[in-house]
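Report on the following structure.
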Amino acid sequence: MEWQIGAWIECESSREKGQIEPYDGKSICVSLGEGITLFGSPDALERLGWKPVANESFGD
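If you count the sequence shown from 1, position 47 lands on 30 in the numbering used here, and the numbers rise without skipping.
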């Protein structure tokens, strides 16, 4: 699975889920909902336990 706009990612330790959104920059923008947004490179997010998951609907 790749880090693409619209892809879902999940943190292995917290089980938190987010969706990659468009962003002008070298970082990835990940919306966790309720105004919480992460910005980071794929490598940094993976070190923190975030990984892309299969296309699923997580109940928007």
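Think of the CB as a built atom: it goes at the ideal place given N, C-alpha and C, for glycine as much as any other residue.
Because the structure is a prediction, the values reported are computed rather than measured.
- Distances from the CA of ILE(-12) to each of GLU(-5), SER(-4) and ILE11 were compared; the closest alpha carbon is that of ILE11.
- Between SER14 and GLY1, the gap from beta carbon to beta carbon is short of 8 Å.
- Apart from sequence neighbours up to five positions away, the residues of its chain that approach SER24 with a beta-carbon distance below 8 Å are LYS9, SER10 and ILE11, ordered along the chain.
- For PRO25, no beta strand (DSSP E) run applies; the uninterrupted alpha helix (DSSP H) run containing it begins and ends at 25 to 30, by DSSP.
- Within the same chain, PRO35 come within 7 Å of GLU(-15) by CB-CB distance, once the 5 residues on both sides are set aside.
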